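In terms of this note's numbering, the sequence shown opens at residue 306 and continues consecutively.
Note that the Cβ used here is the ideal one computed from N, Cα and C, for glycine as well.
Bear in mind the structure is a predicted one, so any value in this text is a computation, not a measurement.
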Amino acid sequence: MTTISTAMRELLTDTETAELLGISMKKLYAVVAFFDRHGNDEWDLAEGEHFEYASGSNRATSSRLFYEEGVTAIAAYLKEKSGSNIFSFVKELFVEAITKRKAKMRQLLVERRIIQETLNDNSVLIANDLIYLHRNKVINVLKTNGKGLNNSRKRQLGSDSYTGTEPLKKGTHFDEFDGVEHWSQKGIGRLAIDMAENSSVSKSRKAWLSAVSEVVEPCLEHRRKFLESFDAHVSKAQEAAKKLANGRCAITNRVQKPTTDFQLDGHHLFDLNTRKDLATRLENILVIERKIHLEFHSWHGKESCNPQDFLSFLTERQSHHFAGPYGTERLRKLMTRLEGLYVQYKDHMNYNL
């Protein structure tokens, strides 16, 4: 059994949301305004569940950030209402029942949530070719609560051949590890289907559950395969970074040759433990001499690190390697790289794993 260590919950900007839906920003906010005007119907777009206000106290003018459930709810609503005059401008998006674009969008949204729940945490386990999520992670993926999960579990444990549904099986759909309930990709798919069909939830919730039921198994299977070979992926990326650097240390500028007496390491600027989403990104791997690598970790300590920490280390301990005009230019380029990486990923995860 392999223990895999989740990271920040991240929202989509209004620009990203509009692009996913294939509509303009103007059209997106026209839909949002329609939702806001009709707060008592069977559809909902709730703050804190489907979206957040980006900034400012004036909600009338603030832009919005959307959770995956919010994007899915808008897409499902547009699909249902595409025949009406009000939403004729999006009718072409939903002419066919299933299109490659919609399938890709659903998969992306669900996979975003799954990646968020399977990074940097000890609540994901791999056993018997299945990936298991801690009960709390399952609740997050399904956007439900403990009662909802328990009710679905109870309904399905009573399934039999008469209903045409295979009963849930321990070791296949769910299991217990250290006394804590975990659910596999097969089990989460079953929970999503059951909740969408049998729970008294809004159409927005049903849209999300349906999306999860469609793609959770292939998404989690992809995650399982990636996580099982994680160490190999990291080693391969480090070797690729060394090759890209032509065997040259980014600090001392020395090149490794058969006759040299030093080793090169691939240092993860956003550290390996807390930012596994960046573990194989070449821009996150800095090629440096091993003695400098060890010195950094001795200087910084055991806590997590990021590019800003390495910038501080450069200026405090390594500035002597950048003497002269050429050295100054090398340092400028390196600092620009580290600052750019920090800005790009400090609040955003990499989903291209």
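Given a length threshold of 3 residues, each whole run of the beta strand (DSSP E) inside the stretch 441–528 is given here in chain order: 479–482, 485–489. At a Cβ-Cβ threshold of 9 Å, Leu316 and Leu326 do not count as neighbours. Ranking Asn455, Lys508, His598 by CA distance to the CA of Gly492 puts Asn455 first.
The C-alpha of Arg411 is placed about 28 Å away from the C-alpha of Gly476. Per DSSP, Leu370 lies in no alpha helix (DSSP H); the unbroken beta strand (DSSP E) holding it starts and ends at 369–371. In this structure, DSSP gives Ile420 a helical state, which the three-state scheme calls helix. According to the DSSP assignment, Glu357 belongs to the beta strand (DSSP E) that extends over 356–358. In terms of CA proximity to Met640, Phe618 leads the group Asn655, Leu462, Phe618. Secondary-structure assignment with DSSP links Gly645 through no beta bridge to anything. Contact check for Asn558 and Arg635: beta-carbon distance about 7 Å, within the 8 Å limit, so the pair qualifies. Taking the Cα of Lys459 as reference, the smallest distance to any Cα among Thr423, Gln490, Val517, Pro472 is reached at Pro472.
Residue environment for Gly629: exposed (fewer than 16 other C-beta atoms within 10 angstroms of its C-beta). With 16 or more other Cβ atoms from the protein chains shown falling within 10 Å of its own Cβ, Leu424 counts as buried. With contact defined as three or more Cβ pairs closer than 8 Å, the stretch 497–515 and the stretch 428–439 are not in contact. Boundaries cannot be given for Ala351, as no alpha helix (DSSP H) includes it and DSSP labels it neither H nor E. For Glu594, the enclosing beta strand (DSSP E) begins and ends at 590–594.
Note on geometry: alpha-carbon atoms of Ile593 and Pro612 lie some 14 Å from one another.
The Cβ neighbour count for Phe567, taken over all protein chains shown within 10 Å, is under 16; the residue is labelled exposed. Rounded to whole angstroms, Arg642 and Lys651 show a C-alpha spacing of 14 Å.
The continuous beta strand (DSSP E) containing Ala432 extends over residues 429–432.
Non-local C-beta neighbours of Val539 in its own chain, meaning closer than 8 Å and more than five positions away in sequence, comprise Leu577, Ala584, Thr585, ordered along the chain. DSSP, read as helix, strand or coil, puts His653 in coil. Residue state for Leu577 is assigned as coil, using DSSP reduced to three classes.
Ala323 is positioned such that its CB atom lies no closer than 9 Å to that of Ala512. The C-beta distance from Arg580 to Trp604 rounds to 20 Å, too long to fall under 8 Å, and the pair is not in contact.
When the alpha-carbon of Glu416 is set against those of Ser624, Gln490, Glu608, the nearest one is in Gln490. For Asn589 and Leu438, the gap between their C-alpha atoms comes out near 28 Å.
His572 is bridged by DSSP to Leu591. Minimum Cα-Cα distance from Ala516 among the listed residues Leu574, Ile419, Leu587, Thr470 corresponds to Ile419.
Beta bridge pairing from DSSP links Ile436 with Ile431. Looking from the CA of Cys554, the closest CA among Glu354, His598, Arg369, Leu383 belongs to His598.
Rounded to the nearest whole angstrom, the C-alpha separation of Leu646 and Asn441 is 32 Å. Counting the other Cβ atoms within 10 Å of the Cβ of Glu373 gives 16 or more, which makes it buried. CA-CA distance, Lys448 to Glu522, rounds to 17 Å. By the C-beta density criterion, Ala338 is exposed, having fewer than 16 other C-beta atoms within 10 angstroms. Here DSSP, grouped into helix, strand and coil, assigns Leu316 to coil.
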